[in-house]
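Q: Numbering (this note's numbering), first residue to last: 8 to 334. Got a structure here, written out as structure tokens. Questions coming.
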Amino acid sequence: ARCPLVHPAAPMQPSQSSAAFDVAVMGSVVYDLIAYVDTAVRPGETRIGSSFGMGAGGKGANQCTMASFLGSRAAMVGKIGDDLFGQEYMKYFSKHGIHTEHLLMEAGASTGVASITVTGGGENTIVVVPGANFRLTPADIDRAAGVLAAAKVVVCQLEVPTDVTTRALKIAREAGAMTILNPAPAPVTPTPPELLALADVVCPNQQEATAITGLPCTTDQDVDAVLRRLRDLGCRLPMVTLGASGVAFLDGDQVLRVPAPAVEAIDTTGAGDAFMGSLAHFCACRPDLPMAARVSRAVRIAAISVTRPGTQTSFPHREELPADLRD
Numbered sequence: 008a009r010c011p012l013v014h015p016a017a018p019m020q021p022s023q024s025s026a027a028f029d030v031a032v033m034g035s036v037v038y039d040l041i042a043y044v045d046t047a048v049r050p051g052e053t054r055i056g057s058s059f060g061m062g063a064g065g066k067g068a069n070q071c072t073m074a075s076f077l078g079s080r081a082a083m084v085g086k087i088g089d090d091l092f093g094q095e096y097m098k099y100f101s102k103h104g105i106h107t108e109h110l111l112m113e114a115g116a117s118t119g120v121a122s123i124t125v126t127g128g129g130e131n132t133i134v135v136v137p138g139a140n141f142r143l144t145p146a147d148i149d150r151a152a153g154v155l156a157a158a159k160v161v162v163c164q165l166e167v168p169t170d171v172t173t174r175a176l177k178i179a180r181e182a183g184a185m186t187i188l189n190p191a192p193a194p195v196t197p198t199p200p201e202l203l204a205l206a207d208v209v210c211p212n213q214q215e216a217t218a219i220t221g222l223p224c225t226t227d228q229d230v231d232a233v234l235r236r237l238r239d240l241g242c243r244l245p246m247v248t249l250g251a252s253g254v255a256f257l258d259g260d261q262v263l264r265v266p267a268p269a270v271e272a273i274d275t276t277g278a279g280d281a282f283m284g285s286l287a288h289f290c291a292c293r294p295d296l297p298m299a300a301r302v303s304r305a306v307r308i309a310a311i312s313v314t315r316p317g318t319q320t321s322f323p324h325r326e327e328l329p330a331d332l333r334d
């Protein structure tokens, strides 16, 4: 079932009650290759792993899939290669009812891949080879403008070229969609202020927040300072994910903290994307809820994901959730 339309006004809500899509995601599509080992591998060391898995990944695709699993009418805008991984991804999206008219398949390009190592404690290291994701252009986004303009919420990340992300957010903002930027992976060059200002919600993790602001993001005081610095840089609603400690965000001048439930993590891969996709879903489908309640629901769903192996395979479907997370 797709999510119901909810009409009562609330802060920071999408404006289009008759949108064709609840959530549109413009971003990366990557195939994950995951090796599981007991402890972290050191430089120069060869290690025998305990198991191997492969499947759908990429920050953009993960977030889109999570929203779809929760009941959002979801659309994916991006680029893949005309190869085995790209063909598998098209079948996968079709199976889950995700709109792919503007998920472009480019001949001669390789679909993005990620080499992921997961330790026995659930921590991960990831190397992404972007492939076709870096062939996405502003002209491609202009051709997808109808999809972006027809969504209640549009989500972007930084695994595609920055000018492409900027163009997508501009189109969404002009159409009246709520815009969410997950500035991940951590930028290695200064993040353009224009990019931050185009997003209603900007949500990095602690490492990404430090890369953007130049400030440490470890203690509670650090997090408070980072959130205020993000506001100074043009973010309307700055938010930082804190791993097992939950999420903090700036509501007016007040820092609100949403704790995460205590769970035994076995694989944290994709947890941030589970949160972002869930947040987008609740912003689109439950605009009557205050932001803290939307964040709390998304945190709880992300916590479920870390108790399962894999990336999108760890994401819960709506029917698996407790009753209070299904409405």
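Every residue, glycine too, gets a C-beta built ideally from N, C-alpha and C. In this text, all values refer to a predicted model and were calculated from it rather than measured experimentally.
Quick one: grab the DSSP three-state call for P18.
A: What you label residue 18 is simply residue 11 of the sequence shown in a count that begins at 1. Because P18 sits at a pLDDT of 43, beneath the cut-off of 50, its placement in the model cannot be relied upon, and the following sentence gives the value as read from the coordinates. Coil, per DSSP.
Q: What residues are listed by DSSP as bridge partners for C163?
A: Taking the sequence shown and counting its residues from 1, one reaches residue 163 at position 156. In DSSP, C163 forms a bridge with M33, L188.
Q: Using the C-alpha atoms, what's the distance from G115 back to N131?
A: Start at 1 with the first residue of the sequence shown, and residue 131 comes out as number 124. Start at 1 with the first residue of the sequence shown, and residue 115 comes out as number 108. Their Cα atoms are separated by approximately 31 Å.
Q: Between which two residues does the beta strand (DSSP E) holding D258 run?
A: Taking the first residue of the sequence shown as position 1, residue 258 is located at position 251. Per DSSP, D258 belongs to the beta strand (DSSP E) from 254 to 258.
Q: Does S303 come out as helix, strand or coil in the three-state DSSP assignment?
A: Numbered from 1 along the sequence shown, position 296 holds the residue referred to as residue 303. Reduced to three states, the DSSP call for S303 is helix.
Q: If you reduce the DSSP assignment to three classes, tell me which class D334 lands in.
A: As a first step, residue 334 must be located in the sequence shown, where it is residue number 327. Coil, per DSSP.
Q: Measuring only the C-alpha atoms, how far is E181 from H288?
A: In the sequence shown, counting from the first residue as 1, residue 181 sits at position 174. In the sequence shown, counting from the first residue as 1, residue 288 sits at position 281. For E181 and H288, the distance between alpha carbons rounds to 21 Å.
Q: Could you tell me how far apart the beta carbons of M112 and I87 are, in whole angstroms, since I believe they sit closer than 8 Å?
A: Here residue 112 refers to the residue found at position 105 of the sequence shown. Here residue 87 refers to the residue found at position 80 of the sequence shown. At roughly 5 Å, the Cβ-Cβ gap stays under 8 Å, so M112 and I87 are in contact.
Q: May I have the straight-line CA-CA distance separating R307 from G78, to the nearest angstrom?
A: Residue numbering aside, residue 307 sits at position 300 when the sequence shown is read from its first letter. Residue numbering aside, residue 78 sits at position 71 when the sequence shown is read from its first letter. Cα to Cα, the separation comes out at about 16 Å.
Q: Taking C-beta to C-beta, are P145 and V171 nearer than 7 Å?
A: Mapped onto the sequence shown, residue 145 falls at position 138. Mapped onto the sequence shown, residue 171 falls at position 164. Yes, these two residues count as a Cβ contact at 7 Å.
Q: Going by DSSP in three states, S122 sits in which element: helix, strand or coil?
A: Position 115 of the sequence shown, counting from 1, holds the residue named residue 122. Of the three classes helix, strand and coil, the one that applies to S122 here is strand, per DSSP.
Q: Does D295 pass the burial test, meaning 16 or more other C-beta atoms within 10 Å, or should it be called exposed?
A: One-based indexing of the sequence shown puts residue 295 at position 288. Under this definition D295 is an exposed residue.
Q: When DSSP labels each residue in this structure, what does T172 get in the three-state scheme?
A: Looking up residue 172 in the sequence shown gives position 165. It is helical.
Q: Is it buried or exposed for H106, if we count other Cβ within 10 angstroms and need 16 for buried?
A: Start at 1 with the first residue of the sequence shown, and residue 106 comes out as number 99. The residue in question, H106, is buried, as its Cβ has 16 or more Cβ neighbours within 10 Å.
Q: Exposed or buried, what is G119 when buried is set at 16 or more other beta-carbons lying within 10 Å of its beta-carbon?
A: Counting from one through the sequence shown, the residue named residue 119 turns up at place 112. Classification for G119: buried.
Q: Looking only at its chain, what residues have a beta carbon closer than 6 Å to the beta carbon of H109, apart from the 5 residues adjacent to it on each side?
A: Within the sequence shown, the letter at position 102 stands for residue 109. Excluding sequence neighbours, H109 sits near V84, A151, V154.
Q: Just mark S122 as buried or exposed, buried being the case when its beta carbon has 16 or more other beta carbons within 10 Å.
A: For the purposes of this step, residue 122 is taken as the residue at position 115 of the sequence shown. S122 is exposed by the Cβ-count criterion.
Q: Beta-carbon within less than 7 Å of G56's beta-carbon, same chain only, minus the 5 sequence neighbours each way: which residues are those?
A: By 1-based counting over the sequence shown, the position of residue 56 is 49. Closer than 7 Å at Cβ, skipping near neighbours: A42, Y43, V44.
Q: DSSP on A151, reduced to helix/strand/coil?
A: Reading the sequence shown from its first residue, position 144 is the one you call residue 151. If DSSP states are grouped into helix, strand and coil, A151 belongs with coil.
Q: Tell me whether the beta-carbon of D280 lies closer than 7 Å to the beta-carbon of Q70.
A: Counted from its first residue, the sequence shown places residue 280 at position 273. Counted from its first residue, the sequence shown places residue 70 at position 63. Yes, these two residues count as a Cβ contact at 7 Å.
Q: Among D331, Q213, T220, M73, whose alpha-carbon lies nearest the alpha-carbon of R235?
A: Along the sequence shown, read from residue 1 onward, the residue named residue 235 stands at position 228. Here the closest residue by C-alpha is T220.
Q: Run through DSSP, which three-state label would F59 get?
A: Counting from 1 along the sequence shown, the entry for residue 59 is found at position 52. Three-state DSSP puts F59 in a strand.
Q: If contact is defined by three or more beta carbon pairs under 8 Å, each pair taking one atom from either stretch, is the stretch 51 to 68 in contact with the stretch 25 to 39?
A: With the cut-off at 8 Å, the stretch 25 to 39 and the stretch 51 to 68 touch.
Q: To the nearest angstrom, report how far apart V135 and E166 are at their CA atoms.
A: Here residue 135 is taken as the residue at index 128 of the sequence shown, counted from 1. Here residue 166 is taken as the residue at index 159 of the sequence shown, counted from 1. Roughly 9 Å separates the two Cα atoms.
Q: Identify every run of the alpha helix (DSSP H) within the stretch 216 to 254, keeping only runs that are complete inside it and at least 4 residues long; order them along the chain.
A: Entirely contained in the stretch 216 to 254, the alpha helix (DSSP H) runs reaching 4 residues are, in chain order, 227 to 239.
Q: What separation, rounded to the nearest whole angstrom, lies between the Cα atoms of A255 and A156?
A: Along the sequence shown, one-based indexing puts residue 255 at 248. Along the sequence shown, one-based indexing puts residue 156 at 149. Between A255 and A156, the C-alpha separation is close to 29 Å.
Q: Quick one: residues in its chain with C-beta nearer than 6 Å to the C-beta of R315, no 5 flanking neighbours on either side, listed in chain order?
A: One-based indexing of the sequence shown puts residue 315 at position 308. Excluding sequence neighbours, R315 sits near S321.
Q: Might you give, ordered along the chain, the residues of its own chain that have their beta carbon closer than 8 Å to the beta carbon of E215, omitting 5 neighbours on each side?
A: The residue you call residue 215 lines up with position 208 of the sequence shown. Excluding positions up to five away in sequence, the list reads P190, A191, P192, A193, P194.
Q: Measuring CA to CA, which of G277, A309, L263 is closest to P297?
A: Position 290 of the sequence shown, counted from the first residue, corresponds to residue 297. Ranking the options by Cα distance to P297, first place goes to L263.
Q: Quick check on the burial criterion: 16 or more other C-beta atoms within 10 angstroms. Buried or exposed for K98?
A: To locate residue 98, count along the sequence shown from 1; it is residue 91. Exposed.
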